[in-house]
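S.K.: In terms of the numbering used here, the sequence shown opens at residue 13 and continues consecutively.
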Amino acid sequence: MFSFTTAFVAAAVAAGVLASPAGEPAALAKRNSPNSSGTNNGYFYQFWDDGSSGTTTYTNGAAGAYSVNWSNVGDFTAGKGWSQAQPRTINFSGSVNCGGNFYLAVYTWSGQGENYGNYNPCSDGTSKGSLYSDGSEYQVCLVDRGNNYLQNWSVRQNKRSSGTVTTANHYNYYQSQGMTHNPLSSAAYQIVSTEAFGSSGSASITVSEAGSGTGSSSPSNPSTSIPSSTHTSGNCSQLYGQCGGSGWTGASCCASGSCGVWTVPPYFINSVVHLAGFIMNCSDAMDTKNNYCVTPRWESMKFARPLVAGAKYRSYVKMVLTAEDPTVYFGGVYIMQDDSIMGKAITLITDEAGLELSDMSDDARFANLGVNSLMSLVITEKLRLELDVKVSDSLFLDYETISDLQ
Numbered sequence: 013m014f015s016f017t018t019a020f021v022a023a024a025v026a027a028g029v030l031a032s033p034a035g036e037p038a039a040l041a042k043r044n045s046p047n048s049s050g051t052n053n054g055y056f057y058q059f060w061d062d063g064s065s066g067t068t069t070y071t072n073g074a075a076g077a078y079s080v081n082w083s084n085v086g087d088f089t090a091g092k093g094w095s096q097a098q099p100r101t102i103n104f105s106g107s108v109n110c111g112g113n114f115y116l117a118v119y120t121w122s123g124q125g126e127n128y129g130n131y132n133p134c135s136d137g138t139s140k141g142s143l144y145s146d147g148s149e150y151q152v153c154l155v156d157r158g159n160n161y162l163q164n165w166s167v168r169q170n171k172r173s174s175g176t177v178t179t180a181n182h183y184n185y186y187q188s189q190g191m192t193h194n195p196l197s198s199a200a201y202q203i204v205s206t207e208a209f210g211s212s213g214s215a216s217i218t219v220s221e222a223g224s225g226t227g228s229s230s231p232s233n234p235s236t237s238i239p240s241s242t243h244t245s246g247n248c249s250q251l252y253g254q255c256g257g258s259g260w261t262g263a264s265c266c267a268s269g270s271c272g273v274w275t276v277p278p279y280f281i282n283s284v285v286h287l288a289g290f291i292m293n294c295s296d297a298m299d300t301k302n303n304y305c306v307t308p309r310w311e312s313m314k315f316a317r318p319l320v321a322g323a324k325y326r327s328y329v330k331m332v333l334t335a336e337d338p339t340v341y342f343g344g345v346y347i348m349q350d351d352s353i354m355g356k357a358i359t360l361i362t363d364e365a366g367l368e369l370s371d372m373s374d375d376a377r378f379a380n381l382g383v384n385s386l387m388s389l390v391i392t393e394k395l396r397l398e399l400d401v402k403v404s405d406s407l408f409l410d411y412e413t414i415s416d417l418q
């Protein structure tokens with residue numbers, strides 16, 4: 013079997029596409045614009061639906077009350093609160109009825125989760141310890157929700173749908189842990205939000221600030237009901253889908269934060285990862301009657317250049333048997349555009365040896381082309397300097413023909 017240590021794609025979208033996230037950002041990215049937001053009965057409200065599937069109906073009630081009903085929804089958030097985040101002490105009461113995925117949280121792009129369904133938002137997050145506030149321990153984490161949308165989360169261990177949240181305790185803890193997002197300066201609103209995804213259910217929540225009866229001094233509006241459109245999953249690209257790009261004729265919309273416009277769709281990565289096994293299983297050096305090779309893992313993938321639509325690429329695989337285990341190979345895969353390094357290398361060889369490009373057929377032997385040991389040293393040194401590649405002084409002895417060198 014293989015341990016696939018390096019896949020080097022010399023033509024891709026951006027450096028570090030598949031690497032783990034780098035350091036925490038100075039500010040967290042915003043979610044896409046809401047479907048509806050405004051002021052109702054003295055409180056700010058916000059409603060957002062990703063439009064991928066199902067139906068959602070959000071209704072503003074008296075003062076800080078709201079209700080929301082959803083069926084087979086893709087993802088939505090809805091709630092009431094304040095248009096500007098402050099270190100408030102927030103009271104909330106009500107109920108959530110959902111047998112699947114949902115969150116009930118004080119939401120400022122970061123979230124203080126008071127209740128959740130099947131999925132804990134910190135399950136796939138980076139742990140930042142824990143804090144004790146308002147009668148319970150909170151698990152604290154940094155969560156990457158895709159497309160540079162990162163969130164600080166505090167998840168209450170003693171779930172509830174009514175109670176008090178002292179938000180200052182959470183914001184101060186984030187600061188003490190170097191979690192650089194500051195909800196007070198980076199967020200535009202602060203609501204007690206119901207969010208659900210891939211589920212059906214209902215919620216009825218009332219919000220207020222401790223010691224105050226209203227959310228703001230803005231004029232009151234009558235109760236309003238904001239039904240979302242009915243969506244089907246076939247209308248838009250889903251998670252990691254494509255919604256545009258060169259020559260793209262498919263879906264032109266997507267669930268917020270879940271798809272992108274690609275130079276070339278990223279599905280090629282799957283075959284790149286398995287190239288080492290594919291090539292080794294076709295090699296005459298392998299006893300393929302009794303053995304076969306698989307690629308159980310790879311350690312890194314590096315992208316050097318943007319892909320060129322319609323261009324031809326050549327793959328190079330080099331695997332070396334390990335001393336510790338005769339069944340394990342280590343090595344790398346290199347994928348290069350035909351006119352990149354190999355093309356430049358051939359040009360250097362023809363210039364130094366005084367040859368024509370027509371002389372450089374795949375079966376041409378370097379010895380017959382006049383590339384002797386001295387000239388070989390000169391050409392390999394130029395390859396190192398001009399192409400910034402590592403090559404052995406015995407390159408033209410190890411690889412006797414153009415085909416071998418390729």
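The beta-carbon is built from N, C-alpha and C at its ideal position, and this holds for glycine as well.
Everything numeric in this text was worked out from a predicted model, so none of it was measured.
Tell me the residue span of the alpha helix (DSSP H) that contains A180.
M.R.: Against the sequence shown, residue 180 aligns to sequence position 168. Element bounds for A180: T179 to S188.
S.K.: Report all residues from its chain with a CB closer than 6 Å to the CB of S139; omit the five preceding and five following residues, and keep chain order.
M.R.: Locating residue 139 in the sequence shown gives position 127, where the first residue counts as 1. For S139, where only same-chain residues beyond five positions count, the Cβ hits under 6 Å are C153.
S.K.: Output the boundary residues of the beta strand (DSSP E) element that contains S79.
M.R.: The count along the sequence shown starts at 1 and reaches residue 79 at position 67. Its beta strand (DSSP E) spans residues A77 to W94.
S.K.: Within the continuous alpha helix (DSSP H) that includes S415, where are the two ends?
M.R.: Here the question's residue 415 lines up with position 403 in the sequence shown. Unbroken alpha helix (DSSP H) run through S415: I414 to L417.
S.K.: Within 10 angstroms of the Cβ of Q96, are there 16 or more other Cβ atoms? Answer buried if so, exposed if not.
M.R.: In the sequence shown, residue 96 corresponds to position 84, counting from 1. It counts as exposed.
S.K.: Would you call the CB atoms of S188 and R168 closer than 9 Å?
M.R.: Locating residue 188 in the sequence shown gives position 176, counting from the first residue. Locating residue 168 in the sequence shown gives position 156, counting from the first residue. In this structure, R168 does not lie closer than 9 Å to S188 by Cβ.
S.K.: Given a threshold of 16 other Cβ atoms within 10 Å of its Cβ, counted over all protein chains shown, does D299 qualify as buried or as exposed?
M.R.: Numbered from its first residue, the sequence shown carries residue 299 at position 287. Counting Cβ neighbours within 10 Å, D299 comes out exposed, since fewer than 16 surround it.
S.K.: Taking the alpha helix (DSSP H) that S283 falls in, what are its first and last residues?
M.R.: Taking the sequence shown and counting its residues from 1, the one referred to as residue 283 is at position 271. Looking at the DSSP string, the run of the alpha helix (DSSP H) that includes S283 is F280 to N293.
S.K.: Alpha carbon to alpha carbon, how far is S373 from T362? Give it in angstroms, no decimals.
M.R.: Along the sequence shown, one-based indexing puts residue 362 at 350. Along the sequence shown, one-based indexing puts residue 373 at 361. Rounded to the nearest angstrom, the two C-alpha atoms are 12 Å apart.
S.K.: Quick check on the burial criterion: 16 or more other C-beta atoms within 10 angstroms. Buried or exposed for D405?
M.R.: In the sequence shown, residue 405 corresponds to position 393, counting from 1. Exposed, because fewer than 16 other Cβ atoms sit within 10 Å of the Cβ of D405.
S.K.: Quick one: measure Cβ to Cβ for N7 and N130, integer angstroms, because I've assumed they're closer than 8 Å.
M.R.: Residue 7 lies beyond the stretch modelled for the chain, which goes from 13 to 418, so this question has no answer here.
S.K.: Should A38 be labelled buried (16 or more other beta-carbon atoms within 10 Å of its own) or exposed?
M.R.: Start at 1 with the first residue of the sequence shown, and residue 38 comes out as number 26. Caution applies to A38, whose pLDDT of 28 falls short of 50 and renders its modelled position unreliable; the value that the coordinates give is listed next. Per the 10 Å Cβ criterion, exposed.
S.K.: Where DSSP assigns a beta bridge to T392, which residues make up the other side?
M.R.: Mapped onto the sequence shown, residue 392 falls at position 380. Answer is none; T392 lacks a bridge partner.
S.K.: In angstroms, rounded to a whole number, what distance separates the CA positions of S174 and S79?
M.R.: Residue numbering aside, residue 174 sits at position 162 when the sequence shown is read from its first letter. Residue numbering aside, residue 79 sits at position 67 when the sequence shown is read from its first letter. Taking the straight line from one Cα to the other gives about 15 Å.
S.K.: So, is P33 buried or exposed, given that buried needs 16 or more other C-beta atoms within 10 angstroms?
M.R.: Taking the sequence shown and counting its residues from 1, one reaches residue 33 at position 21. Reliability of the predicted coordinates at P33 is poor, the pLDDT of 29 falling under 50, and the value obtained from them is presented with this limitation in mind. Per the 10 Å Cβ criterion, exposed.
S.K.: With a cut-off of 8 Å, do at least 3 Cβ pairs link the region 374–382 to the region 329–342?
M.R.: No: fewer than three Cβ pairs fall under 8 Å.
S.K.: Which class does S212 belong to by DSSP, given the choice of helix, strand or coil?
M.R.: Position 200 of the sequence shown, counting from 1, holds the residue named residue 212. Note: S212 maps to strand in three-state DSSP.
S.K.: DSSP on S385, reduced to helix/strand/coil?
M.R.: Working through the sequence shown from its first residue, we reach residue 385 at position 373. Here S385 sits in helix by DSSP.
S.K.: Could you tell me whether the Cβ atoms of Y70 and S105 are closer together than 9 Å?
M.R.: Counted from its first residue, the sequence shown places residue 70 at position 58. Counted from its first residue, the sequence shown places residue 105 at position 93. Going by C-beta atoms, Y70 is not nearer than 9 Å to S105.
S.K.: Do the CB positions of W94 and Q202 come within less than 9 Å of each other?
M.R.: Your numbering for residue 94 matches position 82 in the sequence shown. Your numbering for residue 202 matches position 190 in the sequence shown. Contact flag set, yes.
S.K.: Helix, strand or coil for S370? Go by DSSP, reduced to three states.
M.R.: Within the sequence shown, residue 370 is the residue found at index 358, counting from 1. Helix, per DSSP.
S.K.: For Q98, which residues does DSSP report across the bridge?
M.R.: Residue mapping note: residue 98 aligns to position 86 of the sequence shown, counting from 1. Paired residue(s): none; Q98 is not in a bridge.
S.K.: Using DSSP with H/G/I as helix, E/B as strand and the rest coil, what is F14?
M.R.: Against the sequence shown, residue 14 aligns to sequence position 2. Residue placement at F14 is flagged as unreliable, the pLDDT there being 36, under the threshold of 50; the coordinate-derived value follows with that caveat. Looking at F14 - three-state DSSP - the assignment turns out to be strand.
S.K.: Specify the secondary structure class of T300 as computed by DSSP and reduced to three states.
M.R.: Locating residue 300 in the sequence shown gives position 288, counting from the first residue. Residue state, collapsed to three classes: coil.
S.K.: From V403 to I391, what distance separates their C-alpha atoms?
M.R.: Residue numbering aside, residue 403 sits at position 391 when the sequence shown is read from its first letter. Residue numbering aside, residue 391 sits at position 379 when the sequence shown is read from its first letter. The alpha-carbon atoms of V403 and I391 are separated by roughly 10 Å.
S.K.: By the three-class DSSP mapping on this structure, what secondary structure does T362 have?
M.R.: Within the sequence shown, residue 362 is the residue found at index 350, counting from 1. Here T362 sits in helix by DSSP.
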